[in-house]
Amino acid sequence: MRRGQLRDYFAGAGVKRLTAVDAEPGRSNQHEVGTTWEMRHQFLGEVQRERFQAIYVWLGGDQDGFTAEGTATHYDAREQQSRSAEWRLYYPFNSVTEAMRESDTLFLAMTNERLLYFIVAPEGSTSERQLSWLFDLHPKGHSFVSREVGDDEPELDFAARFILDEIGIEFEEPDADRLDAMIEPFGLAFPKTVEFSDLARQTLPEARAEDDPDAALVAWLSHEEALFRRLERRIVATRLDEGFRDDSGATNVDGFIRLSLSVQNRRKSRMGQSLEHHLEAVFRAHGIAYVRGAITENNQRPDFLFPSEAAYRAAPDTGHACLTMLGAKSSCKDRWRQVLVEAKKIPKKHLLTLEPAISEPQTSQMAHSNLQLVVPQSIQETYTSDQQDWIWNVRDFIQDLRERTCKL
114 MRRGQLRDYF AGAGVKRLTA VDAEPGRSNQ HEVGTTWEMR HQFLGEVQRE RFQAIYVWLG
174 GDQDGFTAEG TATHYDAREQ QSRSAEWRLY YPFNSVTEAM RESDTLFLAM TNERLLYFIV
234 APEGSTSERQ LSWLFDLHPK GHSFVSREVG DDEPELDFAA RFILDEIGIE FEEPDADRLD
294 AMIEPFGLAF PKTVEFSDLA RQTLPEARAE DDPDAALVAW LSHEEALFRR LERRIVATRL
354 DEGFRDDSGA TNVDGFIRLS LSVQNRRKSR MGQSLEHHLE AVFRAHGIAY VRGAITENNQ
414 RPDFLFPSEA AYRAAPDTGH ACLTMLGAKS SCKDRWRQVL VEAKKIPKKH LLTLEPAISE
474 PQTSQMAHSN LQLVVPQSIQ ETYTSDQQDW IWNVRDFIQD LRERTCKL
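Below is the structure:
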């Protein structure tokens, strides 16, 4: 199944560290950044006072981001002067530009339709790492480093689509007809998540957890995501066609907002549940004894407890070598600390995530907190070599469970 390329969405991109003059209204009233000759010839162009439609995105460290729509104007500040050109990109005041500060990282990315993405992330954050990996660009100072996106680049994998989704890019599935046939029985209603996960595995028989648990997990999740987005598109399109009018014929704004919120909330909750469903299938394929959602101290509920809740209760307060717990979070961010308070009898925690390119400070904090990160093998490619030496993949985790199988 072809998953598309970055060139299908972006013509080019650039990155730089923001200076105080670039970012902070108290230090400058210009609200603009200088552009380079390279990025103008790669994707921005040199049309005097060209006004781009723009999407402003703030990805605030390890917290959820927000966006604002607006415009940005590209102009030569020395148009009437004999000196060499000095091109600048003027941006208006909005919630994103208000939040950005000196030393934050700015990514400018131009779509094929000449829609400009103005994306800001704090220096050293996971979001910065992810965007640098996606665009293959790393900030080197206060001047833009840029490149044109080529036609010969690899297809977008799970990690790339994860990051595109974070900045609000909707991607098309190339096998729409095939997917439509699979979801036809559901009509215009969302099935339970467990049913969708079962369908994803049944319609992708070539993915076998017995052979490669890492590859199977990512393949199942990718396939289910494609099925879900296709059904979602069908259901939402039908609702939009019906319109948003109340009994008096007035526009029902509240109804539209409720639909938008339900779409976002369903996407977030469904991925986490799907991850747990597919992990269960991996454990079953390898004959691993586990319990999902067991209750431990203070009514905590670790996602997975091994080998059983009864074994956990029978163990002394100091724990036992055969006990293991695993948290499962599709998007890690700052929530990994929640896992540390679950299952007190197990001092070393394990956390499986699908999040690509988590920053080195974050993974160092995890290691110092006696938490072992587990990341599917293909997603580990977004991490540094030092991080990969420490991170486990799914196969590593299963092997560790087998080596510590014992009886209380």
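One rule links them: number in our numbering = place in the sequence shown (from 1) + 113.
Where is the CB? At the ideal position from N, CA and C, for every residue including glycine.
H144 places its beta carbon 8 Å or farther from that of E163. At a Cβ-Cβ threshold of 8 Å, H463 and T431 do not count as neighbours. By the criterion of a C-beta distance shorter than 7 Å, L453 is surrounded in its chain by K462, S482, L484, once the five residues flanking it on both sides are discounted. Take F396, set aside five residues on each side of it, and the residues of its chain with a beta-carbon closer than 7 Å to its own are Y403, in chain order. Spanning the alpha carbons of E192 and E159 requires a straight line of approximately 11 Å. If the five residues before and after E151 are omitted, its C-beta is found closer than 6 Å to the C-beta atoms of S259, all from its own chain and listed in chain order. Taking the CA atoms as reference points, S477 sits about 14 Å from V487. For V331, the CB contacts under 6 Å within the same chain, skipping 5 residues up- and downstream, are F271, P489, S491 in chain order.
Excluding its 5 nearest sequence neighbours in each direction, V307 has C-beta neighbours in its own chain below 7 Å: H390, listed in chain order. Separation of D265 and L244 (C-alpha to C-alpha, rounded to the nearest whole angstrom) is 20 Å. Taking the Cα positions, F419 is about 47 Å away from E215. Counting along the chain, S335 sits inside the alpha helix (DSSP H) bounded by residues 326-355. A residue is called buried when at least 16 other Cβ atoms come within 10 angstroms of its Cβ; I370 does not meet this threshold and is exposed.
Taking every protein chain shown into account, the CB of N506 has 16 or more other CB atoms within 10 angstroms, so this residue is buried.
Annotated as proximal: A167 and A185, with beta-carbon spacing under 8 Å. Within the DSSP bridge table, the entry for Q155 names no partner. Within 10 angstroms of the beta-carbon of S197 lie fewer than 16 other beta-carbons, which makes it exposed.
In this structure, DSSP gives F417 an extended state, which the three-state scheme calls strand. Judged by DSSP secondary structure, D189 falls within the beta strand (DSSP E) whose first and last residues are 179-189. Here the alpha carbon of E338 sits roughly 14 Å from the alpha carbon of L269. With distances taken between CA atoms, T180 lies nearest to E279 out of R448, G362, E279, C435. Take the alpha-carbon of Y204 and the one of D135: they are about 10 Å apart. Three or more beta-carbon pairs separated by less than 8 Å are not found between the segment 296-315 and the segment 246-254, which leaves the two stretches without contact. Per the coordinates, the alpha-carbon of N207 lies some 10 Å from the alpha-carbon of V170.
For T306, the enclosing alpha helix (DSSP H) stretches over residues 306-315. Residue environment: E226 is assigned as exposed (fewer than 16 neighbouring CB atoms within 10 Å of its CB, all protein chains considered). Judged by DSSP secondary structure, E261 falls outside any alpha helix (DSSP H) and instead within the beta strand (DSSP E) spanning 258-261. Residue burial annotation: R414 is exposed, with fewer than 16 other C-beta atoms found within 10 angstroms of its C-beta. The shortest C-alpha to C-alpha distance from G406 to any of D416, G400, N412 is the one to D416.
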